[in-house]
Amino acid sequence: TSEFEVVIVGGGAAGIATAASLHKREPSLRIAIIEPSDKHYYQPGWTMVGGGVFEATQTERDMASVMPDYVSWIRQAATAFEPDNNTVVLADGSRIKYIFLVVAAGLKLDWDGVEGLSDTLGRNGVTSNYRYDLAPYTWELVQGLRSGRALFTQPPMPIKCAGAPQKAMYLSCSEWDRRGVLSDIDVHFHNAGGVLFGVADYVPALMEYVGRYGISLDLNERLTAVDGSAKTANFETADGSKTVDFDMLHVCPPQTAPDFIKSSPLAGEGGWIDVDQHTLRHKQFDNVFGLGDCTNTPNAKTAAAVRKQAPIVATNLIAAILDKPMPSEYDGYGSCPLTVERGKIVLAEFGYGGKLLPSFPDWALDGTKPTRRAWVLKADILPKLYWEGMLKGREWLVKPGKLE
Ligand code: FAD
5 TSEFEVVIVG
15 GGAAGIATAA
25 SLHKREPSLR
35 IAIIEPSDKH
45 YYQPGWTMVG
55 GGVFEATQTE
65 RDMASVMPDY
75 VSWIRQAATA
85 FEPDNNTVVL
95 ADGSRIKYIF
105 LVVAAGLKLD
115 WDGVEGLSDT
125 LGRNGVTSNY
135 RYDLAPYTWE
145 LVQGLRSGRA
155 LFTQPPMPIK
165 CAGAPQKAMY
175 LSCSEWDRRG
185 VLSDIDVHFH
195 NAGGVLFGVA
205 DYVPALMEYV
215 GRYGISLDLN
225 ERLTAVDGSA
235 KTANFETADG
245 SKTVDFDMLH
255 VCPPQTAPDF
265 IKSSPLAGEG
275 GWIDVDQHTL
285 RHKQFDNVFG
295 LGDCTNTPNA
305 KTAAAVRKQA
315 PIVATNLIAA
325 ILDKPMPSEY
335 DGYGSCPLTV
345 ERGKIVLAEF
355 GYGGKLLPSF
365 PDWALDGTKP
375 TRRAWVLKAD
385 ILPKLYWEGM
395 LKGREWLVKP
405 GKLE
């Protein structure tokens, strides 16, 4: 068994950013990252791939190229946690010991939670921007459709980037509008939830686009089954189940905590990593922290949230090593740039309780209105901030909130 001072499970946005933040503050820390994938994805870019703005390859890098050289990369999956023994079990049955553990393993896209979906994804007009290999198919379908019915679905919360299902819809409508075919396409938004967007301040701007594009809002309707060859989708509604024909179907899959987390002693209610929502320290195990999509903190699950969380976990973990009180508190910041049309974005930025936390003063960029500036931010600035700022621990780009 090898032992490290800090073991991080997951080398996605949160795992790499946390390693970078820790190393910046305490270069002598011996850190290991457990990560099975040989690719790292900038998932926020997938909306842009589905909208024909980015090429898929712009959102993918070799894991080796983003894995910092000061960490030991353990190239396999974690399969279990034994927090009473400070141990993580790996896929090959071996064990890694830690003094401090950071869990950053993301969430599980439950494609099989919708009957028939897996069989037809990528064919028969069924697509999803939630997968790297399928986002280009979204754009292919959008370009091919001239008339008929297009359905966009959203599962029950929590999901990562809660705005992404409707971003896909608005960008599709924007393209159909540009080509003059929108009036021949019947567009529906089937949302398992009861509101268009969880923070009310952004809803008026979004409703304007729903009206402009002629979208039918089918709220409280949950996708339960897809028949690809018949091109029908089944929904559970308050009045029972209903079947709808489609020509194009964009699915946002149901999402859960990863199975190995759900079944572990670190899981709280709902199966997510059970951390304090301000310190991000585990509620039961003092030497365990969690961040990113895998925790039960009630923020918007976004890379933007991770950008704020990583320095908070780093400073709190280092304080824990020194047996000091936690110096940093996370305010629940998350952000969702809603691509309402090609070239314009409604930039939702908010924290716990739906409190608006704008990064810019209103005169510079009012997030509740569609703006070109927010589009430039999403298309040109945020990807660089991700690869060169967040993943490298350059935090002058990333105000961490209340710090020591
Ligand atoms: P991830 O980045 O998913 O990384 C998890 C890592 O854990 C992966 O590398 C995985 O291989 C690894 N892992 C999994 N299982 C194991 C295991 N058993 N052992 C070890 N490692 C494991 N965010 C925004 O801020 N803005 C946006 O506009 C935005 N748009 C989005 C659009 C789409 C279509 C999608 C899918 C996401 C979007 N997001 C957006 C959300 C953002 O991508 C996630 O919130 C962010 O990636 C979370 O980081 P994470 O590290 O928690 O998870």
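Counted from 1, the sequence shown has number 168 at position 164 by UniProt numbering; the numbering is strictly sequential.
Beta carbons: idealized from backbone N, C-alpha and C, even for Gly.
- Proximity of the beta carbon of residue 229 to the ligand FAD is not indicated: no heavy atom of the ligand is located closer than 7 Å.
- Sorting 239, 285, 96, 313 by C-alpha distance to the C-alpha of residue 395 places 313 at the top.
- When secondary structure is reduced to three states using DSSP, residue 357 falls in the helix class.
- For residue 259, the distance from the CB to the nearest heavy atom of the ligand FAD is not below 7 Å.
- Straight across, the Cα-Cα distance linking residue 24 with residue 333 is about 19 Å.
- Under the 10 Å beta carbon count, residue 187 is surrounded by fewer than 16 other beta carbons and is classified as exposed.
- Less than 8 Å divides the Cβ of residue 63 from the Cβ of residue 49.
- Assignment of beta-bridge partners to residue 244 by DSSP yields 241.
- Checking the 7 Å criterion, the Cβ of residue 341 is within range of a heavy atom belonging to the ligand FAD.
- Closest in C-alpha terms to residue 265, from the list 42, 180, 257, 112, comes 112.
- Under the DSSP assignment, residue 177 falls in the alpha helix (DSSP H) whose first and last residues are 168 to 182.
- According to DSSP, residue 229 shares a beta bridge with 119, 238.
- By the Cβ-count criterion, residue 276 is buried, with 16 or more other Cβ atoms from all chains shown falling within 10 Å of its own Cβ.
- Every beta strand (DSSP E) stretch that sits fully inside the stretch 292 to 354 and reaches 3 residues is listed by chain position as 292 to 294, 338 to 345, 348 to 354.
- Rounded to whole angstroms, the Cβ separation of residue 232 and residue 153 is 15 Å, and the two are not in contact under 8 Å.
- For residue 89, the three-state secondary structure derived from DSSP is helix.
- In this structure residue 234 is exposed. Its beta-carbon is surrounded by fewer than 16 other beta-carbon atoms within 10 angstroms.
- Remark: C-beta atoms of residue 354 and residue 203 approach each other more closely than 8 Å.
- Exposed is the label assigned to residue 68, since fewer than 16 other Cβ atoms lie within 10 Å of its Cβ.
- With contacts defined by Cβ atoms closer than 8 Å, residue 206 and residue 352 form a contacting pair.
- Judged by their CB atoms, residue 125 and residue 138 are nearer to each other than the 8 Å cut-off.
- The ligand FAD has no heavy atom closer than 7 Å to the beta-carbon of residue 193.
- Note on the stretch 240 to 284: whole beta strand (DSSP E) runs with a minimum of 3 residues are 244 to 249, 252 to 255, in chain order.
- The continuous beta strand (DSSP E) containing residue 102 extends over residues 99 to 107.
- Here residue 310 is actually not in contact with residue 230; their C-beta atoms are around 31 Å apart, not less than 8 Å.
- Remark: the C-beta of residue 81 is in contact range of the ligand FAD, defined as less than 7 Å to any heavy atom.
- The closest CA to that of residue 224, considering only 238, 194, 315, 253, is found on 194.
- Relative to the ligand FAD, the beta carbon of residue 305 is positioned inside 7 Å of a heavy atom.
- Of the candidates 398, 390, 397, 399, 390 places its Cα closest to the Cα of residue 44.
- When the alpha-carbon of residue 31 is set against those of 387, 316, 349, 322, the nearest one is in 322.
- DSSP places residue 77 inside the beta strand (DSSP E), whose first and last residues are 75 to 78.
- Proximity of the stretch 173 to 192 to the stretch 338 to 347 meets the contact definition, three or more beta-carbon pairs being nearer than 8 Å.
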